[in-house]
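Report on the structure given below.
In full-length UniProt numbering, the protein residues as written are 1 to 554.
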């Protein structure tokens with residue numbers, strides 16, 4: 001391998017004469033020279049940069065032995081809102097956010113070297129981006145400093161910094177919780193606390209690209225990264241904004257293991273559909289799990305121009321509902337791996353699954369912009385549907401069905417302190433009945449619910465229990481009863497005739513809807529079904545009661 005070009009040699013060749021005439025830059029002009037293996041660019045900003053436009057120059061360095069430099073973490077912002085800088089001898093348009101960051105960094109008393117993606121990577125060179133974007137994690141981690149640009153300072157920025165430093169000092173002391181609580185609740189600090197809150201509501205924190213500068217440690221819910229971690233990271237970043245839909249993947253490549261990172265080519269010219277299908281292909285093939293399709297959230301309905309297959313999650317969409325397998329320890333298919341194949345165009349997936357039952361009736365769906373009234377009225381409707389379906393059964397069967405109903409309302413997440421289904425039923429009915437009586441006093445309750453409403457508990461705890469134990473599970477879902485009398489809760493998009501299957505390699509049962517005349521199905525959503533969340537379908541199949549069938553999703 002030829003020796004790496006030294007920083008000094010390249011600096012001498014690339015040095016800008018500040019008085020030289022600038023020319024508008026276009027991709028066909030020679031601003032960027034090809035990079036060698038593990039070589040990267042840096043931007044030199046002169047000290048005390050105050051002149052406009054900002055003048056800076058490109059230097060080259062070896063990432064294995066770099067000079068001291070600062071990596072800048074920022075958001076690209078509105079692509080149409082730009083300022084002009086001088087880069088080498090060319091006038092160059094940059095986003096207003098980046099311009100602000102360069103001006104701030106340049107206020108030092110000596111020249112500074114910085115790395116910033118928009119300038120140090122040739123954004124018009126697909127091959128270069130394919131190599132450089134996966135290196136961003138190393139570029140940030142090897143920087144001497146990472147400077148975060150949150151935007152222009154406010155009048156109270158100094159007070160915010162002082163308060164944060166004070167909180168940091170207190171946090172290092174023993175028994176600091178009470179002192180921090182006292183400080184944050186102090187009237188004298190009220191305006192500064194509000195300013196801190198405003199600081200952490202700035203746009204920067206909502207972008208997925210900032211993860212590259214923060215590294216894997218910023219994902220506190222993920223213990224380690226392996227091939228399957230791509231799904232964990234995508235889920236953790238689901239509520240983050242990306243400049244382009246493809247960046248929901250490309251923006252996190254730098255923090256993924258090399259074995260995963262090398263499987264993806266960060267190319268903005270590829271369609272969003274191709275990129276998102278590739279994610280599914282990689283995850284299903286490498287892990288043998290179909291859990292990724294449960295992140296295709298179809299309720300509430302949202303419109304996308306990408307025409308994704310129903311089993312492919314739209315990662316650019318930020319839903320209020322998350323896949324059950326992401327939240328709870330469930331294993332509907334036990335330890336079985338998926339049996340699947342894609343069609344040639346990757347627009348369909350064929351997999352083996354165990355048929356369970358067909359939806360018979362369902363209740364009203366709970367939306368995602370909810371108040372307690374939504375949960376309460378859904379409870380009334382769902383319970384009425386259940387009682388109507390079992391009215392001719394014995395009292396023992398009716399009681400058992402209602403205990404299962406309360407289990408369903410909490411998606412099976414019953415605290416250990418409730419020792420029996422009867423105890424959980426009493427608590428569940430008390431929470432709903434007491435709040436119905438409080439919020440809707442004119443709504444007539446039957447004698448059974450009236451009895452539960454008269455139990456005495458702290459009203460604030462009732463409201464908290466409604467949200468934590470039930471509301472958070474009901475949101476975006478609805479109650480159903482199958483043709484064979486099983487009950488559960490699934491996507492709010494469910495309709496009678498949808499079928500419930502347990503795919504091999506999937507943590508949860510799922511809802512499928514037959515479409516067209518070719519025997520193909522659409523993915524509707526994941527589902528909680530009593531007695532089928534922990535491998536029971538696999539047990540039945542092994543006993544010859546219910547074998548796996550093949551389904552095709554489009």
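Note that CB positions come from ideal geometry on N, CA and C, so glycine has one too. Please read these numbers as outputs of a predicted model, since none were measured by experiment.
Beta-bridge analysis with DSSP links residue 510 to 501, 526. Taking C-beta atoms as the reference points, residue 493 and residue 524 count as a pair closer than 7 Å. In the DSSP annotation of this structure, the continuous segment of the beta strand (DSSP E) that includes residue 44 starts and ends at 39-45. The Cβ-Cβ distance between residue 382 and residue 479 falls below 7 Å.
When DSSP states are grouped into helix, strand and coil, residue 341 belongs to the strand group. From the listed residues 417, 428, 336, 281, the smallest Cα separation to residue 409 is found for 428.
Within 10 angstroms of the beta-carbon of residue 169 lie fewer than 16 other beta-carbons, which makes it exposed. Of all alpha-carbon atoms in 319, 256, 146, the one lying nearest the alpha-carbon of residue 71 is that of 146. The segment 318-336 makes no contact with the segment 271-283, as fewer than three CB pairs between them are under 8 Å.
Per the coordinates, the alpha-carbon of residue 522 lies some 41 Å from the alpha-carbon of residue 448. Taken in chain order, the complete alpha helix (DSSP H) segments of 4 or more residues contained in the segment 432-474 are 447-453, 459-465. Restricted to the segment 343-408, the alpha helix (DSSP H) segments that are unbroken, complete and at least 4 residues in length are 372-389, listed in chain order. Contact between the segment 333-352 and the segment 303-319 is present, with at least three C-beta pairs closer than 8 Å.
Beta-bridge partners of residue 60 (DSSP): 41.
In the structure shown, residue 204 falls within a helical segment according to DSSP collapsed to helix, strand and coil. Across the set 359, 546, 292, 332, the C-alpha of 292 shows the shortest separation from the C-alpha of residue 232. Separation of the CB atoms of residue 288 and residue 333 is rounded to 10 Å, and the pair is thereby denied contact status at 8 Å. Separation of residue 91 and residue 157 (C-alpha to C-alpha, rounded to the nearest whole angstrom) is 32 Å. The C-alpha of residue 441 lies about 25 Å from the C-alpha of residue 473.
If you compare the alpha carbons of 36, 121, 64 with that of residue 43, the shortest gap goes to 121. For residue 32, the CB contacts under 6 Å within the same chain, skipping 5 residues up- and downstream, are 122 in chain order. Per the DSSP secondary-structure output, residue 145 pairs in a beta bridge with 70. Judged by DSSP secondary structure, residue 477 falls within the beta strand (DSSP E) whose first and last residues are 477-482.
Of the other Cβ atoms in all chains shown, 16 or more fall within 10 Å of the Cβ of residue 491; this residue is therefore buried. Put simply, of 59, 134, 439 the residue whose alpha carbon is nearest the alpha carbon of residue 266 is 134. Boundaries of the beta strand (DSSP E) around residue 487: 487-491.
Here DSSP, grouped into helix, strand and coil, assigns residue 91 to strand. Counting only the Cα atoms, residue 105 lies some 54 Å from residue 350. In this structure, residue 102 and residue 85 form a Cβ contact; the two beta carbons are roughly 7 Å apart against a cut-off of 8 Å. Looking only at 247, 352, 378, 94, the smallest Cα-Cα distance to residue 364 is reached by 378. As computed with DSSP, residue 83 is found in a beta bridge with 94.
From the listed residues 159, 498, 162, the smallest Cα separation to residue 360 is found for 498. Shown here for residue 68: same chain residues with a beta carbon closer than 6 Å to its own, the five before and five after excluded, namely 144 in chain order.
Bounds of the beta strand (DSSP E) holding residue 548 are 548-553. Around the Cβ of residue 262, a 10 Å sphere holds fewer than 16 other Cβ atoms; the residue is exposed. When DSSP states are grouped into helix, strand and coil, residue 169 belongs to the helix group.
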